[in-house]
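A.B. asks:
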Amino acid sequence: PVYDDTVVIPEFTRASHFVPTDNNLATTWTEWGFNDGGWSTGDTGMGYENSPDVYDSLINTRVRPQDTNGSATSIFLRIPFTVDDVGGIDRLLLRMKYDDGFVAYINGQEVARRNVTGTPGWNSRASSHADNLAVQFEDVDITASIGLLNQGSQNVLAIHAINTSSGSSDMLILPELTVG
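Residues in the sequence shown are numbered from 944 upward in steps of one, following this note's numbering.
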């Protein structure tokens, strides 16, 4: 089939972000009504490289969790988005460039994860995702989650980015969301 896709969250877009230092927020931060007004903002393509090389063109906002807390391995991202006609959607695709893992939520419900097992916490560890793969979009079909979308401006994509360890030399999280 041929799909006419509309990008509702472009590759480089504004997001709120926060480095957690405990599990006090649990998953409340993934819900639409959560107040992230005290969080930092920046363009997606978040993360860092200790020796810039591979991710230079992809990192727009430098966030190094271990600078906030020596044991931290996570970045929470929140990206609001609008879908004008939910009834006209028959395909939902999350496209991700990531190093090393993530758990994604729409309006508080988990819709996808990669390289993360169990209940993710502020200092969880992801399994490794090779740099050469991290710089390419991985398409994750989340069409089964269309029912989570609200018509209008009542949606949020929340992503829990997780690194392999607090001593890792790099981290990247760069989402794109399309509807068809």
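Cβ coordinates follow ideal geometry from the N, Cα and C atoms, glycine included.
(1) Leaving aside the five residues before and after P1023 along the sequence, list all residues of the same chain whose C-beta is less than 6 Å from its C-beta, in chain order.
(2) Bridge partners for H1072 per DSSP, in chain order?
(3) Using the DSSP secondary-structure output, state which residues sit across from E1053 in a beta bridge.
(4) Quick one: is L1092 buried, meaning 16 or more other Cβ sit within 10 Å of its Cβ, or exposed?
(5) Going by the CB atoms, is the gap between I1105 and P1118 shorter than 8 Å?
(6) What did DSSP end up calling I1089 once you bin it into helix, strand or coil?
(7) Do D1113 and G990 have their C-beta atoms within less than 8 Å of each other?
(8) In the DSSP assignment, find the unbroken alpha helix (DSSP H) run with P1118 in it and report its ends.
(9) Can you tell me whether G1061 is buried or exposed, with buried defined as 16 or more other CB within 10 angstroms of its CB?
(10) In chain order, what residues of the same chain have a beta carbon less than 6 Å from the beta carbon of Q1052, not counting five sequence neighbours either side?
(11) Beta-carbon separation of T885 and L1035 under 8 Å?
(12) Would you report the Cα separation of I1002 and G1031, rounded to the nearest angstrom?
(13) According to DSSP, simplified to helix, strand and coil, what is G1095?
(14) Among S959, A1047, L968, whose alpha-carbon lies nearest the alpha-carbon of W1065?
(15) Please report how far the alpha carbon of F977 lies from the alpha carbon of S1108, in whole angstroms.
(16) Could you spell out where the alpha helix (DSSP H) holding P1008 opens and where it closes?
(17) Run through the DSSP bridge pairs and tell me what R1005 is partnered with.
(18) Leaving out five residues before and five after R1068 in sequence, what residues of the same chain have Cβ atoms less than 8 Å from its Cβ?
(19) For L1081, collect the residues of the same chain with a Cβ closer than 8 Å to its Cβ; drop the 5 residues on either side in sequence, then sort them by chain order.
C.D. replies: Put simply:
(1) V1099
(2) Partner(s): none; H1072 has no beta bridge.
(3) Y1048
(4) buried
(5) no
(6) helix
(7) Taking 8 Å as the Cβ cut-off, D1113 and G990 qualify as a contacting pair.
(8) No alpha helix (DSSP H) contains P1118, which is instead part of the beta strand (DSSP E) from 1113-1122.
(9) exposed
(10) L1091
(11) This structure does not reach residue 885, given that the chain is present from 944 up to 1123, and the question cannot be answered.
(12) Each residue's alpha carbon lies about 34 Å from the other.
(13) strand
(14) The shortest C-alpha separation from W1065 is found at L968.
(15) 28 Å
(16) 1008-1011
(17) G990
(18) The beta carbon of R1068 sits closer than 8 Å to those of T1016, I1105, N1106, T1107, S1108, all from its chain and outside the five residues before and after it, given in chain order.
(19) Per the sequence shown, residue 1081 should be read as Glu rather than Leu. Beyond the five residues adjoining it in sequence on each side, E1081 comes within less than 8 Å, by CB distance, of R1038, M1039, K1040, Y1041, R1057 in the same chain, given in chain order.
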